[in-house]
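To start, the structure itself, in structure tokens.
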Amino acid sequence: MMNVAIVGAGGMGRRHAASYRETGEARVAAVVDINREAAASLAGEDARVFASLEEALEKCDVDIVDVCTPTPFHADHAVAALKAGKHLLLEKPMARTLDECDAIIRAAEESGKTAMVAHVLRFFPEFVRGKEAVDAGLVGEPAVVRTSRGGGMPRGVDSWYTDIAQSGGVVLDLIIHDFDWLRWVLGPADRVYARGLAHSGRKGQDYALVTIRFKSGAIAHVEGTWMRPSGFETRFEIAGTQGLLDFSSRDSASLRVARASGEERRAAVEVPESPLAENPYTSQIRHFLHCVRSGEAPIVSLQDARAAVEIALGALESMKTGEPVQLRYQES
Amino acid sequence: MAPVKIGMASFAHMHAGSYASSLRSLPGAVIECIWDADEQRGKQMAEQFGSRYVADLDEFLATGISGVVICSENAGHRDLAVRAARAGKHILCEKPIATTVEDAREMIDAAAAAGVHLATAFPCRFSPAMWQLRERVRAGELGQILAIAGTNRGTMPGGWFIELDKSGGGAVIDHTVHVVDLMRWLTGAEVRQVYAEISNKMYGLDFDDCGTLTMEFDNGMFATLDTSWSRPKSYPTWGDVTMEVVGTEGTASLDMFNQKIIGYNDALMRATYHPWGSNIDTGLVSAFLEACRGNFPERLATGYDGLKALEVALAAYESARSGRTIALA
């Protein structure tokens with residue numbers, strides 16, 4: 014049984030903690046958060062609560078540090094964990110800047126420990142099947158690809174998501190998932206062009222349309238939204254020389270529950286769901302624990318995670334300059 | 512009221528058949544005659560639509576028709592339109608209005624000089640869903656429109672559509688203009704900047720088959736448009752017209768041809784869509800008949816509208832050539 018310190022007791026910290034428990038292979042030994050109440054609530058009776066990672070590393074013997082803090086804190090926590098000789102699972106995006114990504118990569122190389130960024134799409138079965146179908150030649154050579162992701166604005170401590178300087182908005186926080194998946198499916202990216210609301214000064218609203226040209230010649234269009242009142246939805250379409258793949262989370266939901274409410278017994282909301290035997294977050298943590306034990310390389314390398322950040326930062330820069338941004342470090 | 516006499520000038524574009532069917536279904540119209548550079552096709556269409564074939568264009572224009580529907584290859588639009596205008600005929604011209612800005616301007620000027628109406632065939636304006644979307648956007652239901660993600664994807668049509676001297680381009684010129692027109696018509700805004708990624712990756716030949724445009728409008732709104740001929744032969748339908756409209760107060764998703772029944776057939780070994788939505792071509796042709804009677808309906812696109820949409824498609828090609836964002840005047 015491995016011991017884990019969770020850093021950041023927000024929604025994702027809770028999700029990761031639950032997944033460690035579900036694997037039965039690790040226990041959450043420490044929870045770190047400056048909000049002691051949040052940390053204590055997540056820690057329950059099993060884990061110790063700390064206000065800083067430094068203190069946790071000093072007083073608690075853990076094997077793994079799992080960083081789920083807001084993005085601007087990723088690099089400091091990740092580097093501290095690696096320098097202390099711990100294995101690292103780091104929530105996406107890897108960091109807020111490429112320099113911070115590089116610092117994490119250096120620390121990982123020096124420590125020799127397992128380090129992975131939680132690009133969880135690689136464990137979502139619909140996105141895995143999509144990749145497998147392309148690899149099996151179902152669409153021939155992919156030529157034009159579209160993805161869409163988003164719902165309402167996420168809630169975070171001090172509304173940090175709404176602050177582009179901290180979160181990078183919908184581009185760095187949300188559709189980074191698609192950037193990583195697209196690189197996984199299509200290979201290295203060449204250039205990026207984007208328009209969006211990131212620099213518009215609209216608090217609490219963000220929307221982006223990003224076009225990526227891949228080195229293979231494929232064109233991908235990525236829609237990211239925190240302005241979809243109809244609820245969270247993901248879509249992808251891959252059109253190629255021999256065929257086409259089409260996916261919508263809404264259209265493929267396996268369960269819809271509509272609860273009657275009010276005197277007229279009308280449905281208040283209908284929530285489409287797609288339950289799975291194992292939550293993809295748990296599959297991800299199972300993979301990470303396997304890599305820690307075996308020393309195998311994680312499915313997402315730190316270079317992959319950095320390349321996804323480069324696309325996102327390129328998109329944000331393109332929105333500022335109005336011109337395409339050439340991506341330099343994309344070889345996988 | 513006497514029926515409006517219409518002449519059909521060329522059936523090179525497949526939409527001509529649908530316009531002719533619509534004209535036949537309308538009590539206010541008669542297909543007086545058909546001209547076509549391809550005599551065999553012209554005669555065949557005359558027979559199919561109960562009309563008569565006239566081989567000579569001057570003779571065709573002298574038959575007493577009020578309006579001409581032009582469905583030739585794109586590069587042939589200008590000559591036909593200019594001659595029809597000089598003969599005093601109202602014109603409904605298939606999109607794209609022309610293959611160059613100069614040709615489009617010449618057509619617009621010729622119509623203005625002759626005092627005839629020049630309409631561009633943008634039938635999507637006659638989609639009831641599109642109409643309702645426009646009414647609701649104009650009523651402010653979505654607040655201020657910030658962005659639109661559009662698609663007009665299709666099947667590679669082959670034929671003269673991929674002969675660049677006749678078509679003026681591949682997927683981008685074919686599929687940019689419909690949705691750009693809808694975006695302009697929906698918001699009243701004009702495109703100020705265009706960037707495009709264009710490729711021939713689908714077929715690897717000398718025509719473009721994949722395109723994604725990004726546009727900025729003069730009201731600050733941005734939009735993208737996928738113009739690709741990306742539907743495989745096994746796809747259940749020809750393609751689509753969609754728009755995801757994002758406003759400060761809400762979003763709207765238009766999927767213009769989603770009114771369909773899904774069919775499965777063992778002989779075809781693929782699913783097929785059977786549309787049951789209202790026929791937008793009939794709406795377009797009806798509006799053109801109105802124009803021929805002297806009242807140009809607001810919903811009908813003008814030659815100028817055709818030009819504005821064409822400018823965006825041509826800017827997209829220029830952007831792809833230069834790798835830069837292209838500014839429109």
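If you're matching them up, the sequences are chains A and B in order. Going by the working numbering, the first residue of the first sequence is number 14, and it counts up by one from there. Going by the working numbering, the first residue of the second sequence is number 512, and it counts up by one from there. Here a beta-carbon is modelled for each residue, glycine too, at the ideal position from N, C-alpha and C.
Any C-beta of chain B under 8 Å from that of residue i
i, result
"LEU340 of chain A", "no"
"THR247 of chain A", "no"
"ARG337 of chain A", "Arg is not the amino acid found at residue 337 of chain A; the sequence shown has Pro there. Yes, because at least one Cβ of chain B sits closer than 8 Å to the Cβ of PRO337 of chain A."
"LEU329 of chain A", "no"
"GLY256 of chain A", "yes"
"TYR220 of chain A", "yes"
"THR224 of chain A", "yes"
Cβ-Cβ distance between residue i and residue j below 8 Å
i, j, result
"VAL705 of chain B", "LEU818 of chain B", "no"
"LEU811 of chain B", "ALA798 of chain B", "yes"
"ILE542 of chain B", "ARG535 of chain B", "yes"
"ILE656 of chain B", "MET732 of chain B", "yes"
"GLU603 of chain B", "ALA586 of chain B", "Residue identity check: residue 603 of chain B is Leu in the sequence provided, not Glu. No, they are not a contact pair."
"ARG204 of chain A", "ASP317 of chain A", "no"
"VAL688 of chain B", "PRO607 of chain B", "yes"
"GLY169 of chain A", "THR238 of chain A", "no"
"ASP792 of chain B", "TYR530 of chain B", "yes"
"PRO288 of chain A", "SER267 of chain A", "yes"
"VAL580 of chain B", "MET667 of chain B", "no"
"PHE260 of chain A", "GLU139 of chain A", "yes"
"GLU67 of chain A", "ALA93 of chain A", "yes"
"LEU103 of chain A", "ALA120 of chain A", "no"
Proximity to residue i [Cα-Cα], best of the options
i, options, result
"MET332 of chain A", "A:LEU222, A:ASP193, A:GLY253", "A:LEU222"
"PHE623 of chain B", "B:ARG535, B:LYS600, B:ALA609, B:ARG636", "The residue asked about is misnamed: residue 623 of chain B is Ala in this sequence, not Phe. Checking every option, the nearest Cα to that of ALA623 of chain B belongs to B:LYS600."
"ARG272 of chain A", "A:LEU55, A:PRO285, A:ASP203, A:GLY26", "A:PRO285"
"MET726 of chain B", "B:ALA820, B:ARG597, B:ALA527", "B:ALA820"
"PHE728 of chain B", "B:SER577, B:MET556, B:VAL823", "B:VAL823"
"LEU736 of chain B", "B:CYS582, B:PRO743, B:GLU708", "B:GLU708"
"GLN551 of chain B", "B:ARG703, B:ASN769, B:ALA566", "B:ALA566"
"THR247 of chain A", "A:ARG34, A:TRP194, A:LEU95", "A:TRP194"
"VAL41 of chain A", "A:GLY275, A:ALA18, A:VAL62", "A:ALA18"
"ARG664 of chain B", "B:TYR815, B:VAL648, B:ASP766, B:ARG649", "B:ASP766"
"ALA625 of chain B", "B:ARG636, B:LYS744, B:THR611, B:ALA595", "B:ALA595"
"GLY57 of chain A", "A:ALA120, A:LEU340, A:ALA31, A:LEU101", "A:ALA31"
"GLY24 of chain A", "A:TYR342, A:PRO83, A:ASP89", "A:PRO83"
"TYR198 of chain A", "A:VAL147, A:THR160, A:GLY217, A:GLU104", "For the record, residue 198 of chain A in the displayed sequence is Val; it is not Tyr. Measuring from the Cα of VAL198 of chain A, the nearest candidate turns out to be A:VAL147."
"VAL157 of chain A", "B:ILE619, B:PRO743, B:GLU617", "B:PRO743"
"GLN770 of chain B", "B:THR762, B:ASP777, B:ALA782, B:ASP751", "B:ASP751"
"ALA290 of chain A", "A:LEU95, A:ALA39, A:PHE136", "A:PHE136"
"PHE571 of chain B", "B:TYR746, B:ASP614, B:SER521, B:TYR815", "B:SER521"
"SER296 of chain A", "A:LYS72, A:ASP59, A:GLU276, A:VAL133", "A:VAL133"
"ASP564 of chain B", "B:ARG616, B:ALA609, B:ASP549", "Looking at the sequence itself, residue 564 of chain B is Tyr, so the reference to Asp does not match. Cα-wise, what sits closest to TYR564 of chain B is B:ASP549."
Chain A within 8 Å of residue i, Cβ atoms only
i, result
"ASP620 of chain B", "no"
"GLN770 of chain B", "no"
"LYS712 of chain B", "yes"
"LEU850 of chain B", "Given that chain B is displayed from residue 512 to residue 840, the structure contains no residue 850 of chain B and the question cannot be resolved."
"THR687 of chain B", "no"
"GLU613 of chain B", "no"
"PHE733 of chain B", "yes"
"VAL757 of chain B", "yes"
"GLY834 of chain B", "yes"
"ALA763 of chain B", "no"
"ALA660 of chain B", "yes"
"GLU829 of chain B", "no"
"CYS721 of chain B", "yes"
"GLU646 of chain B", "no"
"GLU727 of chain B", "yes"
Residue i beta carbon near the ligand ATP (any heavy atom closer than 7 Å)
i, result
"VAL579 of chain B", "Here there are no bound small molecules, and the ligand ATP is not part of this structure."
Practice prompt. Please list the residues of the region 549-574 of chain B that have a C-beta atom closer than 7 Å to any C-beta atom in chain A, keeping them in chain order.
Written response: none
Worksheet item: Going along the chain, which residues of the region 737-748 of chain B sit with their C-beta nearer than 8 Å to a C-beta in chain A?
Response: Residues ASP737, SER739, SER741, ARG742, PRO743, SER745, TYR746.
Discussion item. For the region 228-253 of chain A, list every residue whose C-beta sits within 9 Å of some C-beta in chain B, in sequence order.
Written reply: SER229, GLY230, ALA231, ILE232, ALA233, HIS234, GLU236, THR238, MET240, ARG241, PRO242, SER243, GLU250, ALA252, GLY253
Worksheet item: Just checking, does the region 323-330 of chain A make contact with the region 98-116 of chain A on the three C-beta pairs under 8 Å criterion?
Response: yes
Worksheet entry | Validate contact between the region 171-183 of chain A and the region 248-264 of chain A using beta carbons, cut 8 Å, 3 pairs | Contact between the region 171-183 of chain A and the region 248-264 of chain A is absent, because fewer than three Cβ pairs lie under 8 Å.
Discussion item. To be precise: take each residue of the region 183-214 of chain A, compare its Cβ to all Cβ atoms of chain B, and keep it if any distance is under 9 Å. Which residues remain?
Written reply: ARG204, TYR206, ALA207, ARG208, GLY209, LEU210, SER213
Worksheet item: Going along the chain, which residues of the region 772-804 of chain B sit with their C-beta nearer than 9 Å to a C-beta in chain A?
Response: none
Practice prompt. Give the residues from the region 696-708 of chain B that approach chain A closer than 8 Å (Cβ to any Cβ), ordered along the chain.
Written response: GLN704, TYR706, GLU708
Discussion item. Please identify, using Cβ separations under 9 Å, the residues of the region 154-166 of chain A that lie next to chain B, in order along the chain.
Written reply: GLU154, PRO155, ALA156, VAL157, ARG159, SER161
Worksheet entry | Stretch pair the region 297-309 of chain A + the region 787-801 of chain B: three plus CB contacts closer than 8 Å | no
Discussion item. Can you confirm whether the region 712-721 of chain B touches the region 678-695 of chain B when touching is taken to mean that 3 or more C-beta pairs between the two stretches lie within less than 8 Å?
Written reply: Flag = yes, the region 678-695 of chain B and the region 712-721 of chain B touch.
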